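Student: So in my numbering, spot 86 of the sequence shown is number 75, and the numbers just go up one at a time.
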Amino acid sequence: MKKKILIVIIILVPISFLLLFILYGKYSYEKTITKCPEIRNIESGHYGRDISFEDCYGIISIDRWNPTISDTLYNFRDFKHDYYFAGINDLNGYAMRDSNLYIINKGVGKSKVSFDNVRYQYEEKYFINGEFKYFYYDKIEDIPIFLKVNTMSGEVAFYKSLDEPSESDRKIFEELEEVK
-10 MKKKILIVII ILVPISFLLL FILYGKYSYE KTITKCPEIR NIESGHYGRD ISFEDCYGII
50 SIDRWNPTIS DTLYNFRDFK HDYYFAGIND LNGYAMRDSN LYIINKGVGK SKVSFDNVRY
110 QYEEKYFING EFKYFYYDKI EDIPIFLKVN TMSGEVAFYK SLDEPSESDR KIFEELEEVK
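#1: What separation, rounded to the nearest whole angstrom, lies between the Cα atoms of residue 131 and residue -1?
#2: Which of helix, strand or coil does DSSP assign to residue 36?
#3: What span of residues does the beta strand (DSSP E) with residue 112 cover, start to end?
#4: Using 8 Å as the threshold, is the C-beta distance between residue 140 and residue 81 below it?
#5: Report, in whole angstroms, the separation of the C-beta atoms of residue 70 and residue 143, which I expect to be a contact under 8 Å.
#6: According to the Cβ coordinates, are residue 86 and residue 134 closer than 8 Å?
#7: If you count every other CB in all the chains shown that lies within 10 Å of the CB of residue 123, and 16 or more means buried, which is it?
#8: CA-CA distance, residue 74 and residue 66?
#9: Just to confirm the assignment, what range does the beta strand (DSSP E) spanning residue 88 have?
#10: I need the straight-line Cα distance from residue 43 to residue 93, nearest angstrom please.
#11: Buried or exposed: which applies to residue 136, given that a residue is buried once 16 or more other Cβ atoms fall within 10 Å of its Cβ?
#12: Within a Cβ cutoff of 6 Å, which residues of the same chain sit near residue 96, ignoring the five residues on either side of it in sequence?
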């Protein structure tokens, strides 16, 4: 009798966790549809009942990615233009003001490219003035980490140092740095 009870427990516990996992995904999806209907209406085919969803603003979503058990990276995705453009280590790395997301990007240097198979550069891609623009950097330290993104259009402004943005934008980035 004790063996039967143990077997039932061994079977029911994983099934219970699986059901909770599925229900959380449904809740997350419903939260997305309610808060950001723009994402639901975009026919990119990449969004669905995804439990990695963390939050959204306009056409921008924040997805949670766990490369290891102890590490978490939150990725910012523009669904209208179908690309990821930033990553942060915790949810204190961004702020929302009006229709703009301010991000201190920790996901820089996502991809290296080579044009001659000898020298590699870091490639960053952003949606600027209605089109994608590509930027190449020799060192990861040269990649701008301060991003301002319009959540309705997806337009990105980026800055390497806090000397570059307007005074009002600089204050928001400084507040973000203090939280970190």
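For glycine and all other residues, C-beta sits at the position ideal for the given N, C-alpha and C.
Quick caveat: nothing in here was measured; it's all calculated off a predicted structure.
Tutor: Answer, in terms of the structure:
#1: The residue you call residue 131 lines up with position 142 of the sequence shown. The residue you call residue -1 lines up with position 10 of the sequence shown. About 53 Å.
#2: In the sequence shown, residue 36 corresponds to position 47, counting from 1. Reliability of the predicted coordinates at residue 36 is poor, the pLDDT of 47 falling under 50, and no value is obtained from them.
#3: On the sequence shown, position 123 is the one that residue 112 refers to. It spans 109 to 117 - the beta strand (DSSP E) in which residue 112 sits, taken as one unbroken run.
#4: Numbered from its first residue, the sequence shown carries residue 140 at position 151. Numbered from its first residue, the sequence shown carries residue 81 at position 92. In this structure, the beta-carbon distance from residue 140 to residue 81 does not fall below 8 Å.
#5: Counted from its first residue, the sequence shown places residue 70 at position 81. Counted from its first residue, the sequence shown places residue 143 at position 154. Confirmed, about 5 Å.
#6: What you label residue 86 is simply residue 97 of the sequence shown in a count that begins at 1. What you label residue 134 is simply residue 145 of the sequence shown in a count that begins at 1. Cβ distance not < 8 Å, so residue 86 and residue 134 don't count as in contact.
#7: Against the sequence shown, residue 123 aligns to sequence position 134. Residue 123 should be labelled exposed.
#8: As a first step, residue 74 is located in the sequence shown; it is residue number 85 there, counting from the start. As a first step, residue 66 is located in the sequence shown; it is residue number 77 there, counting from the start. Each residue's alpha carbon lies about 6 Å from the other.
#9: As a first step, residue 88 is located in the sequence shown; it is residue number 99 there, counting from the start. That residue, residue 88, is in no beta strand (DSSP E); it is neither H nor E in DSSP.
#10: Taking the sequence shown and counting its residues from 1, one reaches residue 43 at position 54. Taking the sequence shown and counting its residues from 1, one reaches residue 93 at position 104. Computed Cα separation, rounded: 17 Å.
#11: As a working mapping, residue 136 is identified with position 147 in the sequence shown. It is buried - the Cβ of residue 136 has at least 16 other Cβ atoms within 10 Å.
#12: On the sequence shown, position 107 is the one that residue 96 refers to. Scanning its chain for C-beta atoms nearer than 6 Å, with the 5 sequence neighbours on each side dropped, one finds around residue 96 the residues 75, 76, in chain order.
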